[in-house]
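Residue numbers are given in numbering that gives the first Met the number 0: position 141 of the sequence shown equals residue 140, and the series is strictly consecutive. Virtual Cβ for every residue (Gly too), placed ideally from N, Cα, C. The structure under discussion appears below in the form of structure tokens.
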Amino acid sequence: MTKAEPLRTIPALYRILWRVSDPGRISLPEPLEYLPLRAGPFRLAMGLKDLRLDDWIEIDRHYPEQLALKRRLFDERREEVFAALPGSETASREVLDLLIEHLCCRFPDWFERRDRTLTNRITAETWATDASPLHPLELASRLVQEDLCLMQRRQDRYVLSAACVCFPSRWTLAEKMGRPLRGIHEPVPGYELTLATPADRFFEVITPDRPAWRLNWTIHEQPDLFQPTAPVPPLEILTPENAGERLWFRVERQTLRRLPASGDILFTIRTYVSRVAEVARDAKTAAQLAESLGHWPEEVVGYKGGRWLDAALNWLRAQAQKKQDANAEQGPSV
Ligand code: HEM
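Below, the structure is given as structure tokens:
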């Protein structure tokens, strides 16, 4: 893998910081709740839906802390969270321009472009957009909660050519850079058989005016957003009593759009993490989650590191029953 830039931090000259407003007074929305559970047997699915461009980027009240975490990772572990192959600079610049345009139009209270600077009122940062020494994809990543992956056509297939991934779910850029979709997804059970052909085909036909989005979900033993590897056992002992509090439901909202000028494809990943007990707070959701997990084939359980599975199933089933009993006791609402 070739890195475009050496490890470094940002020269203060270019990162002009001043308070444009009191960030404490900016009120940001609650995170959206995604619950991509399906009834019936396990099925690996493309699950692509049309994306309204207005909804491309999602900003919520975790923005300040997640952007602070990104800043720390860029400063301290840059080699792990940023990589760019030669030839990805122009398309990365296109990503940055599109993103700045989008943020200023969609969230004018929080982002403003004037002359050649961009002001982020949430973090009270101002960026020199044309003169920044940062790689354009890194600057783009420092503006949003999303992770950003650029897929470029090399010979006859799309490969991962530049990426800022601060919130990986047990994978590393080092193992994925320069690889095509099939190679990136090698560890995913069933991908080659079920998704590889439709996904490759989708990359051929996606158009700039018809972006798409999809959801992935899993369960982790730790809530960390930056989670390049699975935790090494032993962890805390999981039991059917404590599993709801100790396990975390992790959803990735992913978007795909073709960049109009370069024709390359931008893949974004927005990660949401909630306690299982919070997600399964009602009987119906607890039962649905138990049903979905109960249908996972063995190889999927292995891939997802599901040594927590039995404890989770027991907790969810008990929770569904408890909530159902409580509802029955209360009687029908009038
Ligand atoms: C049509 C597009 C895509 C589909 C349908 C798709 C589907 C999937 C699925 C089903 C998984 C398994 C997730 C799980 O069970 O937890 C996965 C994992 C993954 N996907 Fe995708 N994906 C797509 C595009 C991409 C792109 C463009 C990238 C570029 C970076 C990517 C990177 C990954 C990675 C790194 C993993 C984890 C693989 C591992 O465990 O090593 N995906 N994807």
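Rounded to whole angstroms, what's the CA-CA distance from Asn-215 to Glu-111? Just pull it up for me.
33 angstroms
Taking DSSP as the reference, what is the three-state secondary structure of Ile-183?
helix
DSSP state of Phe-106, grouped into three classes?
coil
Which two residues bound the contiguous alpha helix (DSSP H) that contains Phe-202?
195–204
Between the beta-carbon of Leu-43 and the beta-carbon of Leu-147, is there less than 8 angstroms?
no
Could one say the Cβ of Trp-307 lies closer than 8 angstroms to chain B's Cβ atoms, at least one of them?
No chain B is present in this structure, which holds just one protein chain.
Excluding sequence positions up to five away, which residues of its chain have a Cβ less than 6 angstroms from the Cβ of Glu-354?
Residue numbering for the chain in the displayed model covers 0 to 333; residue 354 lies beyond these limits and cannot be assessed.
Kindly list the residues whose CB is nearer than 7 angstroms to the CB of Ala-90, restricted to its own chain and excluding five residues on each side of it in sequence; keep chain order.
Leu-149, Gln-151, Leu-258, Ser-261 and Asp-263
Per the DSSP calculation, Arg-213 is bridged to which residue(s)?
Gln-253
Please check the pair Pro-210 and Arg-256, which I expect to be a contact at CB under 8 angstroms, by giving their CB distance rounded to whole angstroms.
4 angstroms
Under DSSP, the alpha helix (DSSP H) around Ala-319 begins and ends at which residues?
308–329
Cα-Cα separation between Gly-330 and Gln-323, rounded to whole angstroms
11 angstroms
Sorry if obvious, but does the Cβ on Val-187 come closer than 7 angstroms to a heavy atom of the ligand HEM?
yes
Taking only the alpha-carbon atoms, compute the straight-line gap between Val-143 and Val-80 and give it to the nearest angstrom.
15 angstroms
Leu-138 burial status per 10 Å Cβ neighbour count (16 or more: buried)
buried
Could you name the residues of the same chain whose beta carbon sits closer than 8 angstroms to that of Asn-313, not counting the 5 residues immediately before and after it, in chain order?
Pro-239 and Ala-242
On the three-state DSSP scale, how would you describe Asp-146?
strand
Touching or not, the segment 50–60 and the segment 216–236, by the rule of three or more beta carbon pairs under 8 angstroms?
no
Nearest residue (CA-CA) to Thr-206, options Phe-248, Met-45, Asp-49 and Gln-318:
Asp-49
Check whether the Cβ of Lys-175 lies closer than 7 angstroms to any heavy atom of the ligand HEM, and answer yes or no.
yes
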